[in-house]
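Structure record follows, encoded as structure tokens.
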Amino acid sequence: MRTPLMAGNWKMFKTPADTTAFFDKFLPLVAGAAHADVAICPPFINIPAAVAATSGSNVTIGAQNCYWVNKEGAFTGEVNAPMLKAAGCTWVIIGHSERRQFFGETDATVLQRTVAALEAGLKPIVCLGELLAERESGQTNEVLKTQFLGGIAPLTPEQFAQIVIAYEPVWAIGTGKVATPEIAEDTHRAIRALVEEKFGADAAAAVRILYGGSVKPDNVAGLMAQPNIDGALVGGAALKPEDFAGVVNFK
Ligand code: 13P
């Protein structure tokens, strides 16, 4: 069966000193969490502190974005996937809705970044999700299909086997409006059907599909009880050690 992945996305929060202080408290709280993989994705600047703090622990570290080609060059402000790998990252979030909304991310750049991350030996957590207006007008499955076809479907089966998908309805991010377990489960089932159609039944059964959007200690168990929800991508509740430990230790 699929091992749950409980991943924290710190977005643009915390300093290196805050990072060390977080792990001092957090690691003992999740040291017994053998039921799940546990990851934190801090801002780039905090990756060295996070990698040092989690060395030898059951927690792995990821980035929140990477450049789309694996070469050095004159690209001011960018960080490439081999740099992240060399710094000790295991994961990289790709195509988060905040990147799509504020930084011009498209399905085409999601695909390029995902391939670059894979070639550098990182495991991409590729995000999909619809806007509120799209859900309300009944377009959710169509939007997800477009994002899947543009950002994920062109991967080879070998590449696809290395990725994690995160379904994050944009209306549930940072709003406190978590999707009900039923809505999330229905959507995860639809995404898994897209995977099956493109990559086959075995790939669909193996891929982890995380839910993200206002996951908290008090709603995580209902989500994780759904057969097609394989973990969580957590924003606000990943910033406090006790809260994220409450999410990780959902059972
Ligand atoms: P919140 O958990 O703060 O809603 O954020 C979700 C998210 O965007 C994780 O990537």
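Per my numbering, residue 25 is the first one in the sequence shown, and the count goes up by one each step. Ideal Cβ placement from N, Cα and C applies to all residues, glycine included.
Counting only runs that start and end inside the region 58 to 130, the alpha helix (DSSP H) elements of at least 4 residues fall at 71 to 78, 105 to 110, 121 to 126.
Runs of the alpha helix (DSSP H) spanning 4 or more residues and lying entirely within the region 156 to 240 occur at 156 to 160, 164 to 175, 181 to 184, 205 to 223, 225 to 230, in chain order.
Between the ligand 13P and I197, a heavy atom-to-CB distance of less than 7 Å is present.
Beyond the five residues adjoining it in sequence on each side, E266 comes within less than 8 Å, by CB distance, of K49, L53 in the same chain, given in chain order. At a cut-off of 7 Å, the beta-carbon of G119 does not count as near the ligand 13P: no heavy atom of the ligand is closer than that.
The region 101 to 111 makes no contact with the region 213 to 232, as fewer than three CB pairs between them are under 8 Å.
Collapsing the DSSP output to three states places P251 in coil. Taking N243 as the centre and dropping the five residues before and after it, the same chain places the C-beta of V202 closer than 7 Å to its C-beta, in chain order. Between A144 and A105, the gap from beta carbon to beta carbon is short of 8 Å. Excluding five sequence positions before and after A190, the CB atoms of its chain that fall closer than 6 Å to its own CB belong to I149, C151, L234, G236, L257, given in chain order.
A Cβ-Cβ distance of about 26 Å is found for the pair P72 and G255, leaving them out of contact under the 8 Å criterion. Comparing alpha carbon positions, the residue from N273, R137, V272, S238 closest to A87 is R137. For the 8 Å CB-CB criterion, A55 and I64 do not form a contact. At least one heavy atom of the ligand 13P lies less than 7 Å from the C-beta of V258.
In the structure shown, the three-state DSSP call for A41 is helix. Taking 8 Å as the cut-off, the Cβ atoms of L156 and V194 count as close. A heavy atom of the ligand 13P is found nearer than 7 Å to the CB of G237.
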